[in-house]
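Residue numbers (the UniProt record's numbering): 1 to 215.
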């Protein structure tokens, strides 16, 4: 009995940790990073003391919760860099990054936050930003990206994209695709205009009616 107890405790601790991370992912995705740690503990079904024992700071919890998203971001920018057409690669990154962030509101906040003690997270973010900057440089040299584009413009797009709220995730992602197309059109150096993805209704019908009557 005593020989099996340490293993049982380790297993319970692992289960608690996984529940905490899953709860954090779920609540951060919907409500952003301002959710109190106690609420994450409640959603995970553990005591606050248990949460703080596993994750003494919110920084540690946030970076763990978004580790998979940061890896996905890493993959997206690598795919963009590998594209022989730098403008196409740049557009691909904007489109996929917007969709990734539309699916998880908290990830945008995590990406633009400062986590000085999360070395791996910071390194991955720095890699992603430098990769986008390099891709933008190539697209400018190809004459496809407007010359006054700066890296902060991508962060601005992601911040605006995270403000999209819809009645379902599918609608939210569809709206995000349209927004990404609008952003890409604004970034384009040449005047030619590509068709936008389909529009989806975001405002309640009553609001639409009022606007129509006002017009």
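Built from N, CA and C at the ideal position, the CB exists for glycine as well. Fair warning: this is a prediction, and the values are worked out from it, not measured in the lab.
My understanding is that residue 132 touches residue 151, with C-beta atoms under 8 angstroms, so please give their C-beta distance in whole angstroms.
As a first step, residue 132 must be located in the chain shown, where it is residue number 132. As a first step, residue 151 must be located in the chain shown, where it is residue number 151. Right, the Cβ-Cβ distance comes to about 6 angstroms (below 8 angstroms), so this counts as a contact.
Taking the alpha-carbon positions, what's the residue 149 to residue 187 distance?
Walking along the chain shown from the start, residue 149 turns up at place 149. Walking along the chain shown from the start, residue 187 turns up at place 187. About 7 angstroms.
From 201, 181, 143, 79, pick the residue whose C-alpha is nearest to that of residue 170; which is it?
Stepping through the chain shown from its first residue, residue 170 is reached at position 170. The shortest Cα separation from residue 170 among 201, 181, 143, 79 belongs to 201.
Pick from 168, 116, 97 that is closest to residue 108, judged by C-alpha positions
Position 108 of the chain shown, counted from the start, is the residue given in the question as residue 108. Nearest of 168, 116, 97 to residue 108, Cα basis: 97.
What is the rounded straight-line gap between the Cα of residue 59 and the Cα of residue 190?
Translated into positions along the chain shown, residue 59 becomes position 59. Translated into positions along the chain shown, residue 190 becomes position 190. Cα-Cα distance, rounded: 42 angstroms.
Between which two residues does the alpha helix (DSSP H) containing residue 106 stretch?
The residue you call residue 106 lines up with position 106 of the chain shown. Taken as a continuous stretch (DSSP letters only), the alpha helix (DSSP H) holding residue 106 covers 105-112.
Check residue 145 in the structure and name its three-state DSSP category.
By one-based count along the chain shown, residue 145 stands at place 145. In this structure, residue 145 counts as strand in the three-state DSSP scheme.
Would you mind reading off the limits of the alpha helix (DSSP H) that contains residue 90?
Position 90 of the chain shown, counted from the start, is the residue given in the question as residue 90. In the DSSP assignment, residue 90 falls within the unbroken alpha helix (DSSP H) covering 86-102.
Does residue 199 pass the burial test, meaning 16 or more other C-beta atoms within 10 Å, or should it be called exposed?
Taking the chain shown and counting its residues from 1, the one referred to as residue 199 is at position 199. By the neighbour-count rule (16 or more Cβ atoms within 10 Å), residue 199 is not buried but exposed.
Consult DSSP for residue 211 and reduce its assignment to one of helix, strand or coil.
Locating residue 211 in the chain shown gives position 211, counting from the first residue. For residue 211, the predicted model reports a pLDDT of 46, less than 50, meaning its position is unreliable and no value from the coordinates is stated.
Can you grab the Cα-Cα spacing for the pair residue 85 / residue 78, in whole Å?
In the chain shown, residue 85 corresponds to position 85, counting from 1. In the chain shown, residue 78 corresponds to position 78, counting from 1. Roughly 13 angstroms separates the two Cα atoms.
Classify residue 75: buried if its beta carbon has 16 or more other beta carbons within 10 angstroms, exposed otherwise.
As a first step, residue 75 must be located in the chain shown, where it is residue number 75. Residue 75 should be labelled exposed.
CB-CB length for residue 94 against residue 183, believed under 8 angstroms:
On the chain shown, position 94 is the one that residue 94 refers to. On the chain shown, position 183 is the one that residue 183 refers to. About 6 angstroms; that satisfies the 8 angstroms criterion.
Stretch pair the segment 14-22 + the segment 39-53: three plus CB contacts closer than 8 angstroms
yes
Does the Cβ-Cβ distance between residue 106 and residue 158 come in under 8 angstroms?
Reading the chain shown from its first residue, position 106 is the one you call residue 106. Reading the chain shown from its first residue, position 158 is the one you call residue 158. In this structure, residue 158 does not lie closer than 8 angstroms to residue 106 by Cβ.
Taking 8 angstroms as the threshold (C-beta atoms), are residue 118 and residue 63 in contact?
By 1-based counting over the chain shown, the position of residue 63 is 63. By 1-based counting over the chain shown, the position of residue 118 is 118. In contact: residue 63 and residue 118 (Cβ atoms closer than 8 angstroms).
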